[in-house]
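Okay, structure first, notes after.
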Amino acid sequence: MKYKIKVGISNRHVHLTKETYKKLFDEELTKAKDLHQIGEFASNQFVTLKTEKNIIERVRIVGPFRNYNQVEICNSDAYVLGLNPPVRKSGEIASSEDITLIGPKGEVDLKSVCILAERHVHLNTKDKEKYQVEDEQPIKVHIPGNRSAILDAHIKLSDNGYLELHIDRDEANALLLHDGDEVTIEI
Numbered sequence: 009m010k011y012k013i014k015v016g017i018s019n020r021h022v023h024l025t026k027e028t029y030k031k032l033f034d035e036e037l038t039k040a041k042d043l044h045q046i047g048e049f050a051s052n053q054f055v056t057l058k059t060e061k062n063i064i065e066r067v068r069i070v071g072p073f074r075n076y077n078q079v080e081i082c083n084s085d086a087y088v089l090g091l092n093p094p095v096r097k098s099g100e101i102a103s104s105e106d107i108t109l110i111g112p113k114g115e116v117d118l119k120s121v122c123i124l125a126e127r128h129v130h131l132n133t134k135d136k137e138k139y140q141v142e143d144e145q146p147i148k149v150h151i152p153g154n155r156s157a158i159l160d161a162h163i164k165l166s167d168n169g170y171l172e173l174h175i176d177r178d179e180a181n182a183l184l185l186h187d188g189d190e191v192t193i194e195i
């Protein structure tokens, strides 16, 4: 079966535990805007990513708090920072890259937290039967246009899922994709 879905481009960002956040900030985590995934939001708070080679400033924190810290960057960011993070599913951070975060209160060194996010299609668990898919099921994504391509991805079922392809900024730029563009998934 083929379905048309929207693209959600993911820029560099961090997910933090409440404990780590409190080491970096004296203020509450506040919402700048809701994201498509139900209950998730782009915050008004930013951190600086730091390695021995370089820094990247104004990296947004995505809320709400999680039970683990995770830093998601693009490959071009990895080059700037002198890192070689693995391509991983969200939450699979073991043996990934270390990085330092800088906030208004100071620095926090985080071990095995930095990844390149694997492309995936979010889907709400209530739509599992409609699309006849399982969590982690591999699928094909057909990208139209002058840089047309067929990409491998996987389904990410969750109770807060909103149907869209998540792809990082580097991949989107290479394929001439914009946030909200339409692609076709083949299940």
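Using the working numbering, read the sequence shown as starting at 9 and increasing by one per residue. Ideal Cβ positions, reconstructed from N, Cα and C, are used throughout, including at glycine.
Cut-off 8 Å between Cβ atoms - residues of its own chain near residue i, not counting five sequence neighbours on either side
{"i": "V55", "result": "V22, L32, V67, I69, L109, I110 and G111"}
{"i": "E48", "result": "D42, V70, G71, P72 and N168"}
{"i": "T59", "result": "L89, G90, L91, I107 and T108"}
{"i": "E115", "result": "K58, T108 and L109"}
Chain-order list of residues whose beta-carbon lies under 6 Å from that of residue i (same chain, five-residue window excluded)
{"i": "E65", "result": "T56"}
{"i": "H162", "result": "H128, E144 and P146"}
{"i": "K164", "result": "H128 and H130"}
{"i": "D160", "result": "none"}
{"i": "L185", "result": "V15"}
Proximity below 9 Å, CB of residue i to CB of residue j
{"i": "K10", "j": "I193", "result": "yes"}
{"i": "I63", "j": "R177", "result": "no"}
{"i": "G153", "j": "L183", "result": "yes"}
{"i": "T25", "j": "R74", "result": "yes"}
{"i": "K113", "j": "D34", "result": "yes"}
Residues of its chain near residue i, where Cβ-Cβ distance is below 7 Å and the 5 sequence neighbours each way are ignored
{"i": "A50", "result": "A40, K41, L43, R68 and V70"}
{"i": "Q45", "result": "H130, N168, G169 and Y170"}
{"i": "A157", "result": "I151 and L183"}
{"i": "K61", "result": "L89 and G90"}
Straight-line gap, residue i to residue j (C-alpha atoms, nearest Å)
{"i": "L118", "j": "S84", "result": "21 Å"}
{"i": "Q78", "j": "I195", "result": "29 Å"}
{"i": "D135", "j": "E142", "result": "10 Å"}
{"i": "I123", "j": "I101", "result": "7 Å"}
{"i": "S104", "j": "K148", "result": "26 Å"}
{"i": "C82", "j": "E126", "result": "10 Å"}
Counted within 10 angstroms of its Cβ, other Cβ atoms place residue i as buried (16 or more) or exposed
{"i": "E80", "result": "buried"}
{"i": "Y87", "result": "exposed"}
{"i": "R20", "result": "buried"}
Short CB-CB distance (under 9 Å) between residue i and chain E
{"i": "I175", "result": "No chain E is part of this structure, which consists of one protein chain only."}
In chain order, which alpha helix (DSSP H) runs of at least 4 residues are fully inside the stretch 76-103?
83-89
Complete runs of the beta strand (DSSP E) confined to the stretch 107-185 [at least 3 residues]:
114-125, 128-132, 146-151, 157-166 and 172-176
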